[in-house]
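2 protein chains.
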Amino acid sequence: MNLKELASRLGLSPTTVSRALNGYPEVNEATRERVMAAAKRHNYHPNTRAIRLATGRAMAIGHVIPVATRHEIVNPVFADFIAGAGETYSRNDYDMVLSVVPDEQEEAAYRGLKSKGNVDGVIVHAPKLNDPRIALLHEIGLPFVVHGRATGASLPYSWLDVNNRRAFQRATEFLLDLGHSRIGLVNGLEFMDFAIRRRTGYVDALSARGIAPDPALMATDEMTEIAGHRAARAMLALPRRPTAFLVASMISGMGVRRALEEAGLQMGRDISVIIHDDDLSYMKNGDDVPIFTATRSSVRDAGRLTAEMLLDMIASPSPGPQQRLLEAELIIGQSTGPCPRT
Amino acid sequence: MNLKELASRLGLSPTTVSRALNGYPEVNEATRERVMAAAKRHNYHPNTRAIRLATGRAMAIGHVIPVATRHEIVNPVFADFIAGAGETYSRNDYDMVLSVVPDEQEEAAYRGLKSKGNVDGVIVHAPKLNDPRIALLHEIGLPFVVHGRATGASLPYSWLDVNNRRAFQRATEFLLDLGHSRIGLVNGLEFMDFAIRRRTGYVDALSARGIAPDPALMATDEMTEIAGHRAARAMLALPRRPTAFLVASMISGMGVRRALEEAGLQMGRDISVIIHDDDLSYMKNGDDVPIFTATRSSVRDAGRLTAEMLLDMIASPSPGPQQRLLEAELIIGQSTGPCPRT
DNA sequence: AATCGCCTTCAAACCGCTTTGGATGCCGCA
DNA sequence: TGCGGCATCCAAAGCGGTTTGAAGGCGATT
């Protein structure tokens, strides 16, 4: 069942039927209702491919996911972000198209999306220091919003980010207030923008109290259980071990916890841990009482909001970029306590 | 730059240019080369929307992700499966479109995908006992492949699955051979097809040795750290606690490990644990030596293969369904050992 | 020399919708 | 009575490709 057939059944022209269905004013209300009823009765759904060609809009948003032969990126946070963004798309009748490409083909993927007209815009994930994608997308003229920020970018761009610096600064201060002064930072990879900001927050908080950051207490690696474990174990083996850890993610946190348990230390009593909690749906930080004290910010909400921002931009392009900074909450769990006297 | 313009620059008709670019035989080789060169020079990429309308094919595969207000589903396995499938799509110039919809709209989502012509086929995730989606997709005539199987389905369908029953049977036998006889099963939700099969494997192995399954040793819940911890702790509190655990996932396994550590039990010595390892890229089971003894099967490979199967079916429709059963490997890690004498 | 057939190329229809630029009919008003 | 204006509706021209049916050119066959 297509437009033409529906129109002929109704004894109307395709023009009128199209307008009736799309809510244009120049059609008689009685006619409109007749058309709507017939459309429903015959289960008519306009062909998306035709709409797209006729309107020149793709009604789709792209997400390019570079996938290295080396691991990284297919990160656990991604699934929840996508779920959030996807909800927004569904509500607005947009499609979400994912391009999974080897990372050396990332640029080609963006260019292809634009020149082949597959999408109306893209969301940029996991921005890095001096991320080249921002200049690239400007050049090819594809609307985009970055989830996160890219330190070093010279061009203006739209973004939505969590205040990572502030979150880690507050977490550090919280630990300092509990009497901890040797605080291990188990950070993500520090070419990732968020990791840079988190370290800054940590360093700033220490410096503000006159504590010089100790490089031996600052680890940077992938946010996996393995890496978290490795980093924590190394720090616990130091002559003056840390009395607290600040950890980049829930998963790293599990590795840290494993190291603590191996060392016979009880979390929350012998040693304190704060993690960053993305509030992942399959990796909750406890039921009622949080396991870990954490800086929390829902990455799923971020997905929802980032997508909304992009759809807004596409619907009503404005000159300047849109930007939004979310604050993480600091939630108190069972993993922190006063620094034990030594 | 579009076909018509390119054609006129070359002094050819759109027909010829189109055929030259698409490798049709009825065009002079010299002409073809001239066309190819011009296309490259002018950076011509055919408009996807036009191709789709003209050919009637969407060149896209859909994945419907129902998202409950309650948790579940946005599961960690999903990201890796998608990454695998996405690789296949990219290689074949297909788009991957994800529909994230509230679960009560799942049926409508499939119908919409078909009637609006957004996709050429879909992949069905996480099949349940008597999954209604199979009959639905048959009815609406959308090609599909199921990742997993759906016990109770009466219609034939294509699927790719891991031999979950066999994997858990072998794992159970392995533990039995080590002298364990009280083995706790920390399973996923048992309306999920894979969880049913795993339990069957476990029960079969026990029965074959004349051991009656003890309901107190069989837990079923979501595969989260929290739930794994809860289940293991409950079993460890039994008068006759298990000496081994068989666990549905890496993440549940971390919860189990936490329970063991709380109970002061050393994994691999005091108590054995086998998990199922989906070989997730961000949640590796150890570097060189596996942490957990595990039944392993890469869900990313599964994604790749499932997508290939679907593309095959679309390219050359055959009457019968395609089916493929992968075997999991049993890899030995540090979490298992002989049953300690009591 | 006329005919046949192959190799190339092209004009035009088509995919299913949107949108422009009228057309038609009717009412109100001068 | 004549005409402007409004409310409705429609024919046809896109959108940018693919594909059908046909035609021109040319060497080979008879």
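Protein sequence lines correspond, in order, to chains L and R.
For the first sequence, position 142 (counting from the first letter as 1) is numbered 142 according to the working numbering, and the numbering increases by one without interruption.
Offset between the second sequence (1-based) and the working numbering: plus 342.
Using N, Cα and C, we set each Cβ at its ideal position, and we do this for glycine too.
How long is the line joining the alpha carbons of residue 562 of chain R and residue 301 of chain L, rounded to whole angstroms?
One-based indexing of the second sequence puts residue 562 of chain R at position 220. One-based indexing of the first sequence puts residue 301 of chain L at position 301. The straight-line gap from Cα to Cα measures roughly 30 Å.
Residue 9 of chain L to residue 27 of chain L, Cα distance in whole Å?
To locate residue 9 of chain L, count along the first sequence from 1; it is residue 9. To locate residue 27 of chain L, count along the first sequence from 1; it is residue 27. Each residue's Cα considered, the two are about 18 Å apart.
Kindly indicate if chain L contains any beta-carbon less than 7 Å away from that of residue 420 of chain R.
Within the second sequence, residue 420 of chain R is the residue found at index 78, counting from 1. Yes, its Cβ sits closer than 7 Å to a Cβ of chain L.
Check whether chain L comes within 7 Å of residue 437 of chain R, counting only Cβ atoms and requiring the distance to be less than that.
In the second sequence, counting from the first residue as 1, residue 437 of chain R sits at position 95. Chain L contact via Cβ: present.
Per DSSP, residue 323 of chain L forms a beta bridge with which residues?
Residue 323 of chain L sits at position 323 when you count from the first residue of the first sequence. Partner(s): L:159.
Residues of chain L with CB closer than 8 Å to the CB of residue 625 of chain R, please, in chain order.
Numbered from its first residue, the second sequence carries residue 625 of chain R at position 283. What residue 625 of chain R touches in chain L: 76, 224, 225 and 251.
By Cβ distance below 8 Å, which residues in the same chain neighbour residue 106 of chain L in space, the five residues on each side in sequence not counted?
As a position in the first sequence, residue 106 of chain L is number 106, starting the count at 1. Take residue 106 of chain L, set aside five residues on each side of it, and the residues of its chain with a beta-carbon closer than 8 Å to its own are 64, 66 and 133, in chain order.
On the criterion of 16 or more Cβ atoms from any shown chain inside 10 Å, does residue 145 of chain L qualify as buried, or is it exposed?
Numbered from 1 along the first sequence, position 145 holds the residue referred to as residue 145 of chain L. Buried.
Presumed contact (8 Å Cβ cut-off) between residue 400 of chain R and residue 391 of chain R, rounded CB distance
Counted from its first residue, the second sequence places residue 400 of chain R at position 58. Counted from its first residue, the second sequence places residue 391 of chain R at position 49. Wrong, their Cβ atoms sit about 11 Å apart, outside the cutoff.
Looking only at its own chain, which residues have a Cβ that is under 6 Å from the Cβ of residue 176 of chain L, when we skip the five neighbours before and after it?
As a first step, residue 176 of chain L is located in the first sequence; it is residue number 176 there, counting from the start. Only 209 meet the Cβ criterion.
Could you compute how far the alpha carbon of residue 86 of chain L sits from the alpha carbon of residue 94 of chain L?
Here residue 86 of chain L refers to the residue found at position 86 of the first sequence. Here residue 94 of chain L refers to the residue found at position 94 of the first sequence. Near 9 Å, if we compare the C-alpha coordinates of residue 94 of chain L and residue 86 of chain L.
Going by DSSP in three states, residue 51 of chain L sits in which element: helix, strand or coil?
Within the first sequence, the letter at position 51 stands for residue 51 of chain L. Reduced to three states, the DSSP call for residue 51 of chain L is helix.
Rounded to the nearest angstrom, what separates residue 504 of chain R and residue 330 of chain L at their Cα positions?
Translated into positions along the second sequence, residue 504 of chain R becomes position 162. Translated into positions along the first sequence, residue 330 of chain L becomes position 330. Rounded to whole angstroms, residue 504 of chain R and residue 330 of chain L show a C-alpha spacing of 42 Å.
Do you know how far the Cα of residue 253 of chain L is from the Cα of residue 242 of chain L?
Along the first sequence, read from residue 1 onward, the residue named residue 242 of chain L stands at position 242. Along the first sequence, read from residue 1 onward, the residue named residue 253 of chain L stands at position 253. If you take the alpha carbons of residue 242 of chain L and residue 253 of chain L, they lie about 15 Å apart.
Residue 621 of chain R beta carbon less than 7 Å from that of residue 591 of chain R:
Translated into positions along the second sequence, residue 591 of chain R becomes position 249. Translated into positions along the second sequence, residue 621 of chain R becomes position 279. Not closer than 7 Å, so no.
Measuring only between beta-carbons, confirm whether residue 578 of chain R sits less than 7 Å from chain L.
Stepping through the second sequence from its first residue, residue 578 of chain R is reached at position 236. No, residue 578 of chain R does not count as interfacial toward chain L.
Could you have a look at residue 71 of chain L and say whether DSSP puts it in helix, strand or coil?
One-based indexing of the first sequence puts residue 71 of chain L at position 71. Since pLDDT at residue 71 of chain L reaches only 49, below the 50 mark, its modelled position is unreliable, and no value is offered.
Pick from R:630, R:578, R:490 and R:645: whose alpha carbon is nearest that of residue 739 of chain R?
Residue numbering for chain R in the displayed model covers 343 to 684; residue 739 of chain R lies beyond these limits and cannot be assessed.
Whose Cβ in chain L lies nearer than 9 Å to the Cβ of residue 640 of chain R?
As a position in the second sequence, residue 640 of chain R is number 298, starting the count at 1. Those do not exist, as residue 640 of chain R stays about 12 Å from chain L at its closest Cβ, beyond 9 Å.
Residue span of the beta strand (DSSP E) that contains residue 294 of chain L, given as start and end
Taking the first residue of the first sequence as 1, we reach residue 294 of chain L at position 294. 293 to 296 is the extent of the beta strand (DSSP E) around residue 294 of chain L.
Can you name the residues of chain L whose CB is closer than 7 Å to the CB of residue 394 of chain R?
Counting from 1 along the second sequence, the entry for residue 394 of chain R is found at position 52. Simply 49.
Taking only beta-carbon atoms, is residue 440 of chain R less than 7 Å away from chain L?
The count along the second sequence starts at 1 and reaches residue 440 of chain R at position 98. Yes, because at least one Cβ of chain L sits closer than 7 Å to the Cβ of residue 440 of chain R.
Going by the CB atoms, is the gap between residue 637 of chain R and residue 618 of chain R shorter than 7 Å?
The residue labelled residue 618 of chain R in the question sits at position 276 within the second sequence. The residue labelled residue 637 of chain R in the question sits at position 295 within the second sequence. For the pair residue 618 of chain R and residue 637 of chain R, the CB atoms are nearer than the 7 Å cut-off.
Return the CA-CA distance between residue 523 of chain R and residue 571 of chain R, expressed in angstroms with no decimal places.
Taking the second sequence and counting its residues from 1, the one referred to as residue 523 of chain R is at position 181. Taking the second sequence and counting its residues from 1, the one referred to as residue 571 of chain R is at position 229. Cα to Cα, the separation comes out at about 21 Å.
Please compile the residues from chain L whose C-beta is within a distance smaller than 8 Å of the C-beta of residue 660 of chain R.
The sequence position of residue 660 of chain R within the second sequence is 318, counting from 1. Within 8 Å Cβ-Cβ: nothing; residue 660 of chain R doesn't reach chain L, min ~26 Å.
Counting contacts by CB-CB distance shorter than 7 Å, is residue 401 of chain R in contact with chain L?
Walking along the second sequence from the start, residue 401 of chain R turns up at place 59. No Cβ of chain L is located within less than 7 Å of the beta carbon of residue 401 of chain R.
Applying the criterion that 16 or more other CB atoms from any shown protein chain within 10 Å of the CB defines a buried residue, is residue 384 of chain R buried or exposed?
For this step, residue 384 of chain R is matched to residue 42 along the second sequence. When all chains shown are included, residue 384 of chain R counts as exposed.
Within the 7 Å Cβ cut-off, does residue 163 of chain L reach chain R?
On the first sequence, residue 163 of chain L is found 163 positions in, with the first residue counted as 1. Between residue 163 of chain L and chain R, the shortest Cβ-Cβ separation is not below 7 Å.
With the cut-off set at 7 Å, would you say residue 526 of chain R and residue 559 of chain R are in Cβ contact?
Here residue 526 of chain R refers to the residue found at position 184 when the second sequence is read from its first residue. Here residue 559 of chain R refers to the residue found at position 217 when the second sequence is read from its first residue. Yes, Cβ-Cβ distance for residue 526 of chain R and residue 559 of chain R is below 7 Å.
What does residue 616 of chain R reach in chain L if we use C-beta pairs closer than 9 Å?
In the second sequence, counting from the first residue as 1, residue 616 of chain R sits at position 274. Simply none; closest approach about 18 Å.
Find the nearest neighbour of residue 337 of chain L within the set L:291, L:320 and L:324, judged by alpha-carbon distance.
The sequence position of residue 337 of chain L within the first sequence is 337, counting from 1. Selected option, being the one with the closest Cα: L:291.
Spatially closest choice to residue 499 of chain R from R:668, R:682 and R:655, by CA coordinates:
Counting from 1 along the second sequence, the entry for residue 499 of chain R is found at position 157. For the set R:668, R:682 and R:655, the Cα lying nearest the Cα of residue 499 of chain R is the one of R:655.
Would a C-beta distance cut-off of 7 Å place residue 306 of chain L and residue 45 of chain L closer than the cut-off?
On the first sequence, residue 306 of chain L is found 306 positions in, with the first residue counted as 1. On the first sequence, residue 45 of chain L is found 45 positions in, with the first residue counted as 1. Between residue 306 of chain L and residue 45 of chain L, the gap from beta carbon to beta carbon reaches 7 Å or more.
Is it the case that the Cβ atoms of residue 259 of chain L and residue 227 of chain L are separated by a distance below 7 Å?
Taking the first residue of the first sequence as position 1, residue 259 of chain L is located at position 259. Taking the first residue of the first sequence as position 1, residue 227 of chain L is located at position 227. No.
For chain L, find out if any of its Cβ atoms is closer than 7 Å to the Cβ of residue 460 of chain R; answer yes or no.
Here residue 460 of chain R is taken as the residue at index 118 of the second sequence, counted from 1. Under the Cβ criterion of 7 Å, residue 460 of chain R is counted among the residues facing chain L.
Let me know the alpha helix (DSSP H) ranges lying completely inside the segment 482 to 556 of chain R, each 4 residues or longer, listed in chain order.
Listed in chain order, the complete alpha helix (DSSP H) runs (minimum 4 residues) inside the segment 482 to 556 of chain R are 506 to 519 and 535 to 550.
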